[in-house]
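Have a look at the structure below, then the notes.
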Amino acid sequence: MFSVGKINIDKAIMLAPMEDISDVSFRLVCRELGADVVYTEFVNSEGLVRKSEKTHKKLEIIDDERPVGIQIYGSGIESMVGAAQIAERENPDLLDINAGCWVKNVVGHGAGAGLLKDPEFMQRLVKGVVDTVSLPVTVKTRLGIDSSSIKILEVAKRMEDVGVKALTVHCRTRVMGHKGDADWSWIPKIKEVVKIPVVLNGNIMTAEDVKRAFDETGADGVMIARGAIGNPWIFKEAKELINQGFISTVIDETLMIKTCLRHLYLAINVKGERRAILEHRKFYTGYLKGLRNASQIRKALMEITEYNGVEYILLKYLDELLNYNKLAV
Ligand SMILES: Cc1cc2nc3c(=O)[nH]c(=O)nc-3n(C[C@H](O)[C@H](O)[C@H](O)COP(=O)(O)O)c2cc1C
Numbered sequence: 001m002f003s004v005g006k007i008n009i010d011k012a013i014m015l016a017p018m019e020d021i022s023d024v025s026f027r028l029v030c031r032e033l034g035a036d037v038v039y040t041e042f043v044n045s046e047g048l049v050r051k052s053e054k055t056h057k058k059l060e061i062i063d064d065e066r067p068v069g070i071q072i073y074g075s076g077i078e079s080m081v082g083a084a085q086i087a088e089r090e091n092p093d094l095l096d097i098n099a100g101c102w103v104k105n106v107v108g109h110g111a112g113a114g115l116l117k118d119p120e121f122m123q124r125l126v127k128g129v130v131d132t133v134s135l136p137v138t139v140k141t142r143l144g145i146d147s148s149s150i151k152i153l154e155v156a157k158r159m160e161d162v163g164v165k166a167l168t169v170h171c172r173t174r175v176m177g178h179k180g181d182a183d184w185s186w187i188p189k190i191k192e193v194v195k196i197p198v199v200l201n202g203n204i205m206t207a208e209d210v211k212r213a214f215d216e217t218g219a220d221g222v223m224i225a226r227g228a229i230g231n232p233w234i235f236k237e238a239k240e241l242i243n244q245g246f247i248s249t250v251i252d253e254t255l256m257i258k259t260c261l262r263h264l265y266l267a268i269n270v271k272g273e274r275r276a277i278l279e280h281r282k283f284y285t286g287y288l289k290g291l292r293n294a295s296q297i298r299k300a301l302m303e304i305t306e307y308n309g310v311e312y313i314l315l316k317y318l319d320e321l322l323n324y325n326k327l328a329v
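Counting in the numbering used here, the sequence shown runs from 1 upward without gaps.
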């Protein structure tokens, strides 16, 4: 059971924090399609305490997407505590600390997975945040720095000891980045040493993976990152598979194109037409995956800077696909 603050969800299926992906519009789309909890991308603590407007904008959440967590990262206790206080004012349902980012310039500053190099310091940093805010604090981390220094059992215990309310484990090491198989077998071992909810992350690409992750590990929740990009139906499909034993949602061209447009429409409401359209370009590959002549359509969409143009191209394309299907019957 994922019980954190006011959230109580059995087998929670969550959208992972993803830089430049998990913005309000994508979080809303995923919530509409069954994600139980969603997270902001990681927000730099130094940027927040320095009052960077660009960084502060990343904290923006809206009521329709609740339950939502804000994720912050950094390596200084003072700045993380300050950032946590700033994030708390946005009133998220929980505050998550990133202790898993593998990227060189984050780890190089001792943040993200860099915190795993010194679990004692990581504990003090997390304690500083937990003791400062009244929000429930969770942590997202990795197994360890590399396969010879896996410290996740010690880290889990340390996190629980200072009052962390749930732990998400990306079941890879820092040196693996996003490559190689995630080792889910650590989840039951972690659950043996702590009582707080443990969330599995890593390598969940299909609804079947979600079910298998719960069945094999007894995780309290699973968190999906890349498997949701261009494929936000994964949440709905996984729920159907778990609750009724089969998937009833049909992901056809109508659903794919309508979801793509819905996502763009929500993005425009949040960030304005031009920026939303430019940023939406990275999602076309996923949303149109496997459709006839998709590459030509994607190419045409790259030229468009207004919603009406995108809508026109996509709805005309949908018509063509449906007519083609009729003729093919
Ligand atoms: C584009 C992208 C951005 C990411 N940004 C973040 C982030 O801001 N915070 C974080 O904790 N993890 C971030 N991650 C890592 C994911 O949350 C997740 O841990 C990782 O992708 C493994 O999950 P997956 O196998 O389901 O993709 C990011 C991953 C991707 C692909």
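All C-beta atoms in this analysis are idealised placements derived from N, C-alpha and C, irrespective of residue type, glycine included.
Beta-carbon contacts of V130 that lie in its chain and below 6 Å, excluding the five residues immediately before and after: The residue given as residue 130 occupies position 130 in the sequence shown. Closer than 6 Å at the Cβ level, and outside the excluded window around V130, lie V137, V162 and G163.
Alpha-carbon to alpha-carbon, G202 and M14: Residue 14 sits at position 14 when you count from the first residue of the sequence shown. Residue 202 sits at position 202 when you count from the first residue of the sequence shown. Their Cα atoms are separated by approximately 12 Å.
Residue closest to I251, alpha-carbon to alpha-carbon, out of E41, H109, L318 and N231: The residue given as residue 251 occupies position 251 in the sequence shown. Minimum Cα distance to I251 is reached at N231.
Ligand 1 heavy atom lying under 8 Å from the CB of S185: The residue labelled residue 185 in the question sits at position 185 within the sequence shown. S185: no, Cβ never under 8 Å from ligand 1.
Burial state of N44 (16 or more Cβ within 10 Å): Position 44 of the sequence shown, counted from the first residue, corresponds to residue 44. Counting Cβ neighbours within 10 Å, N44 comes out buried, since at least 16 surround it.
heavy atom of ligand 1 below 8 Å from I21 C-beta: Counting from one through the sequence shown, the residue named residue 21 turns up at place 21. True, at least one ligand heavy atom lies under 8 Å from that Cβ.
Where the beta strand (DSSP E) through H178 begins and ends: Within the sequence shown, the letter at position 178 stands for residue 178. First-last for H178: undefined, no H or E at that position.
6 Å CB neighbourhood of Y317 in its chain, flanking five on each side removed: Within the sequence shown, residue 317 is the residue found at index 317, counting from 1. For Y317, where only same-chain residues beyond five positions count, the Cβ hits under 6 Å are I297.
Own chain partners of V198 with C-beta closer than 7 Å, once the 5 adjacent residues on each side are dropped: The residue given as residue 198 occupies position 198 in the sequence shown. The residues are L167, V169, I187, I190, K191, A219 and D220.
D10 beta carbon less than 9 Å from that of M1: Here residue 1 corresponds to residue number 1 of the sequence shown, with the count starting at 1. Here residue 10 corresponds to residue number 10 of the sequence shown, with the count starting at 1. Cβ atoms of M1 and D10: closer than 9 Å.
Cα-Cα separation, T254 to V24: Within the sequence shown, numbered from 1, the residue matching residue 254 stands at position 254. Within the sequence shown, numbered from 1, the residue matching residue 24 stands at position 24. Whole-angstrom Cα-Cα distance: 23 Å.
Alpha-carbon to alpha-carbon, K140 and L33: Stepping through the sequence shown from its first residue, residue 33 is reached at position 33. Stepping through the sequence shown from its first residue, residue 140 is reached at position 140. Spanning the two alpha carbons is a distance of roughly 23 Å.
Near ligand 1: C30 beta-carbon under 8 Å from a heavy atom: Stepping through the sequence shown from its first residue, residue 30 is reached at position 30. Every heavy atom of ligand 1 is 8 Å or more from the Cβ of C30, so no.
For F26, the first and last residue of its enclosing alpha helix (DSSP H): By one-based count along the sequence shown, residue 26 stands at place 26. Taken as a continuous stretch (DSSP letters only), the alpha helix (DSSP H) holding F26 covers V24 to E32.
Alpha-carbon spacing of G272 relative to S149, whole angstroms: Walking along the sequence shown from the start, residue 272 turns up at place 272. Walking along the sequence shown from the start, residue 149 turns up at place 149. Cα to Cα, the separation comes out at about 46 Å.
Reduced DSSP secondary structure (H/G/I, E/B, other) of A170: Here residue 170 refers to the residue found at position 170 when the sequence shown is read from its first residue. Checking the displayed sequence, the identity of residue 170 turns out to be His instead of Ala. The answer is strand: DSSP assigns H170 an E or B state.
Separation of V222 from E237, as counted between CA atoms: In the sequence shown, counting from the first residue as 1, residue 237 sits at position 237. In the sequence shown, counting from the first residue as 1, residue 222 sits at position 222. Distance between the alpha carbons of E237 and V222: 14 Å.
Classification of T173 by the beta-carbon crowding that lies within 10 angstroms, buried from 16 upward: Translated into positions along the sequence shown, residue 173 becomes position 173. Counting Cβ neighbours within 10 Å, T173 comes out buried, since at least 16 surround it.
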